[in-house]
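Down below is the structure, laid out as structure tokens.
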Amino acid sequence: MNTLEGISPKSLTDLLKELQKEGLIQREAFPEIPPRVEYFLTDDGKELCEVIIPLIKWAEKRDNLHHEIFNST
Numbered sequence: 001m002n003t004l005e006g007i008s009p010k011s012l013t014d015l016l017k018e019l020q021k022e023g024l025i026q027r028e029a030f031p032e033i034p035p036r037v038e039y040f041l042t043d044d045g046k047e048l049c050e051v052i053i054p055l056i057k058w059a060e061k062r063d064n065l066h067h068e069i070f071n072s073t
């Protein structure tokens, strides 16, 4: 939640449920007080990260380039 600035708890919960339903993450609940839940990537989730992170980096680089061009004119 800290990484996704501005996301509401409900939106985060909905997103995690959808990612779990798609088989990209797995949820593990621990019977502790207070309750603790951890999420981790499945093999499919790791594979998706390997292909999507370069795309995200490309888009960020392209966006930065467009901002530089716009700000220099």
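Quick note on UniProt numbering: the sequence shown kicks off at 1 and runs consecutively.
Glycine included, every Cβ here is placed at the ideal spot set by N, Cα and C.
Would you list the one or two residues that DSSP bridges to residue 25?
-> Walking along the sequence shown from the start, residue 25 turns up at place 25. Under the DSSP definition of a beta bridge, residue 25 partners with 41.
Rounded C-alpha distance that separates residue 26 from residue 16 = Numbered from its first residue, the sequence shown carries residue 26 at position 26. Numbered from its first residue, the sequence shown carries residue 16 at position 16. When rounded, the distance between both Cα atoms is 9 Å.
Nearest CA to the CA of residue 23: which residue from 31, 58, 46 and 13?
-> Mapped onto the sequence shown, residue 23 falls at position 23. Answer by Cα proximity: 46.
From residue 48 to residue 34, what distance separates their C-alpha atoms?
-> Here residue 48 refers to the residue found at position 48 when the sequence shown is read from its first residue. Here residue 34 refers to the residue found at position 34 when the sequence shown is read from its first residue. For residue 48 and residue 34, the distance between alpha carbons rounds to 32 Å.
Inter-residue Cα distance where the pair is residue 1 and residue 8 | As a first step, residue 1 is located in the sequence shown; it is residue number 1 there, counting from the start. As a first step, residue 8 is located in the sequence shown; it is residue number 8 there, counting from the start. Between residue 1 and residue 8, the C-alpha separation is close to 8 Å.
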